[in-house]
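> A single structure is presented below for examination.
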Amino acid sequence: MVETGTVNEIGDLNLAYLLLAQRLVREDVASAMFRLGMSRELADLLGNLSLSQIVKLAGSSLLLCRFRFDDQPILSALTLDGKNLALQQAHTAILLSGQRVEAVQ
2 MVETGTVNEI
12 GDLNLAYLLL
22 AQRLVREDVA
32 SAMFRLGMSR
42 ELADLLGNLS
52 LSQIVKLAGS
62 SLLLCRFRFD
72 DQPILSALTL
82 DGKNLALQQA
92 HTAILLSGQR
102 VEAVQ
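The numbering used here numbers the first residue of the sequence shown as 2 and each following residue consecutively.
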């Protein structure tokens, strides 16, 4: 069983993530879809959630966000020293853009 402190921290992280993701979607859907790695359907759903729905969803003991760098090339691109920062960010964006967008289940 996960201890209460950890569950509360997961809930706080979920709430912060959902609020940020919703703000990104409402400001610029296409950019949010790219940055968050989500489909249009999921972006639309997230953009239309009420605050009470977000709070209820955030209360889950499951972490709702995930790392997008699931493989070594992406993690290496993010952590390599010595590269020009702009070049490193561009390289990372290219690698992330090649990832499959999560489909709505």
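Think of the CB as a built atom: it goes at the ideal place given N, C-alpha and C, for glycine as much as any other residue.
Give every residue of the same chain whose Cβ lies closer than 8 Å to the Cβ of residue 44, excluding the five residues on either side of it in the sequence, and list them in chain order.
Counting from one through the sequence shown, the residue named residue 44 turns up at place 43. The residues are 26, 30, 33, 34 and 37.
> Just reading off the alpha helix (DSSP H) that residue 13 is part of, what are its end residues?
Position 12 of the sequence shown, counting from 1, holds the residue named residue 13. Start and end: 5-28.
> Taking residue 15 as the reference, which of 65, 95, 5 and 48 has the closest Cα?
Within the sequence shown, residue 15 is the residue found at index 14, counting from 1. When only C-alpha atoms are compared, the closest one is 65.
> What residue range is occupied by the uninterrupted alpha helix (DSSP H) comprising residue 53?
On the sequence shown, position 52 is the one that residue 53 refers to. Per DSSP, residue 53 belongs to the alpha helix (DSSP H) from 52-59.
> Answer with buried or exposed for residue 5, where buried requires no fewer than 16 other C-beta atoms within 10 angstroms of its C-beta.
Here residue 5 refers to the residue found at position 4 when the sequence shown is read from its first residue. So residue 5 ends up on the exposed side.
> Express the C-alpha separation of residue 61 and residue 7 in angstroms, rounding to a whole number.
As a position in the sequence shown, residue 7 is number 6, starting the count at 1. As a position in the sequence shown, residue 61 is number 60, starting the count at 1. Approximately 12 Å between the Cα atoms of the pair.
> Ends of the alpha helix (DSSP H) at residue 48?
If you number the sequence shown from 1, residue 48 lands on position 47. It spans 41-48 - the alpha helix (DSSP H) in which residue 48 sits, taken as one unbroken run.
> Looking only at C-alpha atoms, which of 17, 77 and 67 sits nearest to residue 52?
Locating residue 52 in the sequence shown gives position 51, counting from the first residue. Of the listed residues, the one whose Cα sits closest to residue 52 is 17.
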